[in-house]
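A short worksheet on the structure shown next.
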Amino acid sequence: MRAAAETAQKAFLEWRETPISKRVRLMMAYRNLVGTHMDELAEILTTEQGKTIEDAKGDIFRGLEVIEHSCSTPSLIMGETMENVAANMDLYSFRQPLGVCAGICPFNFPAMIPLWMFPLATACGNTFLLKPSERVPMTAMRLTELFYEAGAPRGILNVIHGAKDAVNFICEAPEVKAISFVGSDHAGKYIFEQGSRHGKRVQSNLGAKNHAVIMPDADKAATINALVGAAFGAAGQRCMALSTALFVGEAKEWIPEIAEKAKQLNVTCGLVPGAQMGPLISRQAVERVNSLVQSGVNQGAQCLLDGRTFRPQDPKFQNGYFVGPTILSDVKTNMECYKTEIFGPVLLCMAVNNIDEAINLINSNPYGNGVAIFTSSGHHARTFQHSVDVGQIGINVPIPVPLPFFSFTGSRGSIAGDMNFYGKSGAQFYTQIKTVTSMWKSS
């Protein structure tokens with residue numbers, strides 16, 4: 000790990016002087032290589048993480064979009080100029096790279112999250128130290144190989160492996176100037192505190208409890224399809240999963256149909272053609288999900304669809320870490336299953352009387368990652384987007400993750416730090432402003 004940090008520091012001295020047009024051409028070449036190797040990367044990703052091939056391709060494609068946006072880095076980091084701020088005096092600013100930046104990644108998006116980080120960071124002129132999750136290292140390794148195949152100079156991107164020892168090294172290494180993290184509350188708060196204590200800039204995406212508000216005037220068929228896909232896609236192992244549905248008024252009558260739709264999902268090994276949902280990442284994840292479901296039942300929730308005993312029909316996969324789609328109704332805000340991010344294929348259903356009650360419930364939750372409303376009313380949609388205190392809002396869109404020319408803007412308890420991932424905010428995170436006041440007199 001020390002060698003990796005020192006290599007990145009040494010490489011930075013030359014990389015920062017590389018013309019930005021050349022850095023952008025590297026991103027263009029890298030984008031083409033990742034696209035060409037999409038099928039290979041997807042197979043690696045599914046094999047080590049478990050999500051379906053289609054989900055794996057989506058994982059890679061969302062990262063590829065960030066590489067594409069990194070090709071616009073010159074516009075993202077352009078400075079400002081004003082002449083004659085005083086007699087014979089001009090003022091101008093520009094953005095410079097920080098140095099060695101680091102990324103600490105989770106298991107659930109082995110391609111997308113690393114690609115949120117190092118392409119933009121290196122396009123801005125930094126070098127990078129990448130720590131993939133110890134559970135899914137191979138996708139990141141192949142992405143790194145392709146980066147060098149695209150023409151990156153040696154030392155620009157360095158990969159270290161490990162668990163807490165590697166995290167502590169990144170937080171403490173004097174070479175590292177900025178840390179990007181995506182993952183759990185516990186780890187994210189620790190990294191933010193430790194990194195900040197050692198004088199580093201830190202952006203830390205944390206946990207979530209994402210709600211969907213279903214109005215009675217919503218398109219019923221489209222809403223049911225959206226809820227099932229957003230709740231159970233990627234086996235619920237994503238920070239933007241719609242884990243909690245708030246049914247306004249008579250919309251609660253749709254819950255049995257949602258359960259029936261979820262029951263029809265093809266849950267099996269992610270490599271099987273036609274798979275719609277794969278296994279969880281580990282036995283510990285299965286035990287945690289099952290425990291939270293049981294806690295909800297113990298506290299009075301009704302289990303309308305129970306996936307805890309699910310096993311695929313194919314005997315080859317029956318020892319896998321599977322939990323089938325699970326739906327709990329009559330959930331209350333004091334239940335542990337509501338207060339805790341489950342991170343599994345579980346949809347919590349709650350009934351509310353009106354949109355104001357739904358907004359108050361969402362705003363009382365500490366997280367602010369994502370939220371959605373399903374409605375055919377422009378008035379309800381505008382009221383919701385204005386009043387709800389969540390950073391990313393979908394209107395008839397179940398998972399409102401912004402495209403890379405915007406930024407990922409989770410808020411409140413879902414982020415530590417004041418700069419977001421990718422987009423303009425991401426470029427600002429990976430650069431620092433230098434302002435010059437210049438006077439040239441005529442004589």
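Quick note on numbering that gives the first Met the number 0: the sequence shown kicks off at 0 and runs consecutively. Don't be surprised by glycine CBs; every beta carbon is placed ideally from N, CA and C.
{"query": "Cross-strand partners of K208 (DSSP beta bridge)", "result": "In DSSP, K208 forms no bridge with anything."}
{"query": "Rounded separation between S92 and A86 - CA only", "result": "19 Å"}
{"query": "Inter-residue Cα distance where the pair is N297 and V288", "result": "14 Å"}
{"query": "Where R94 falls, given that 16 or more other Cβ within 10 Å makes a residue buried", "result": "buried"}
{"query": "For Y189, the three-state DSSP class (helix, strand or coil)", "result": "helix"}
{"query": "Status (buried if at least 16 other CB within 10 Å, exposed otherwise) for S69", "result": "buried"}
{"query": "Inside the region 296-372 only - beta strand (DSSP E) runs reaching at least 3 residues", "result": "301-304, 325-328, 345-351"}
{"query": "D89 - partner residues in DSSP beta bridges", "result": "S437"}
{"query": "Per DSSP, the bridge partner or partners of I394", "result": "I372"}
{"query": "Residues of its chain near I66, where Cβ-Cβ distance is below 8 Å and the 5 sequence neighbours each way are ignored", "result": "M26, Y29, R30, V33, L114, P118"}
{"query": "heavy atom of the ligand SAM below 7 Å from F106 C-beta", "result": "For the structure depicted, the ligand SAM is absent and the ligand set is empty, with no information on it obtainable."}
{"query": "Sub-8 Å separation of Q317 and I280 beta-carbons", "result": "no"}
{"query": "8 Å CB neighbourhood of K262 in its chain, flanking five on each side removed", "result": "L304, P324"}
{"query": "Touch test, the region 120-132 against the region 403-415, Cβ-Cβ under 8 Å, three pairs minimum", "result": "no"}
{"query": "Cβ-Cβ distance between A258 and T267 below 8 Å", "result": "no"}
{"query": "Supposed close pair Q431, L128 - CB separation, criterion 8 Å", "result": "18 Å between Cβ atoms; not a contact."}
{"query": "As assigned by DSSP and simplified to three states, the class of S203", "result": "strand"}
{"query": "Close-in-space but distant-in-sequence residues of the same chain around G369 (CB under 6 Å, 5 per side omitted)", "result": "N209, M239, Q391, P399"}
{"query": "Beta carbon of C336 nearer than 8 Å to that of S294", "result": "yes"}
{"query": "Identified DSSP bridge partners for M116", "result": "DSSP lists no partner for M116."}
{"query": "Selection from A244, F11, T374, S424 that minimises the alpha carbon distance to C100", "result": "F11"}
{"query": "Residues of its chain near M37, where Cβ-Cβ distance is below 7 Å and the 5 sequence neighbours each way are ignored", "result": "K56, I59"}
{"query": "Contact check, G277 vs K130, beta carbons under 8 Å", "result": "no"}
{"query": "Residues of its chain near E82, where Cβ-Cβ distance is below 6 Å and the 5 sequence neighbours each way are ignored", "result": "D89"}
{"query": "Sufficient close CB pairs (3 or more, under 8 Å) joining the region 373-381 to the region 211-220", "result": "yes"}
{"query": "Cβ-Cβ separation, A229 to P473 (assumed contact under 8 Å), whole Å", "result": "Residue 473 lies beyond the range of the chain shown here (0 to 442); nothing can be said about it."}
{"query": "8 Å contact criterion, which A7 and T126 should meet: CB distance rounded", "result": "4 Å"}
{"query": "K219 to W253 span [Cα, whole Å]", "result": "8 Å"}
{"query": "E82 - DSSP class collapsed to helix/strand/coil", "result": "strand"}
{"query": "Per DSSP, the bridge partner or partners of C100", "result": "F127, A177"}
{"query": "Of the residues A4, K21, T45, the one placed nearest L270, counting alpha carbons only", "result": "T45"}
{"query": "Contact set for M116: own chain, Cβ-Cβ below 6 Å, skip 5 residues either direction", "result": "G102, S179"}
{"query": "Burial state of S203 (16 or more Cβ within 10 Å)", "result": "buried"}
{"query": "L44, DSSP secondary structure in three states", "result": "helix"}
{"query": "Proximal residues to I159 (C-beta, below 7 Å), its chain only, five neighbours per side dropped", "result": "M0, A3, L128, K130, A165"}
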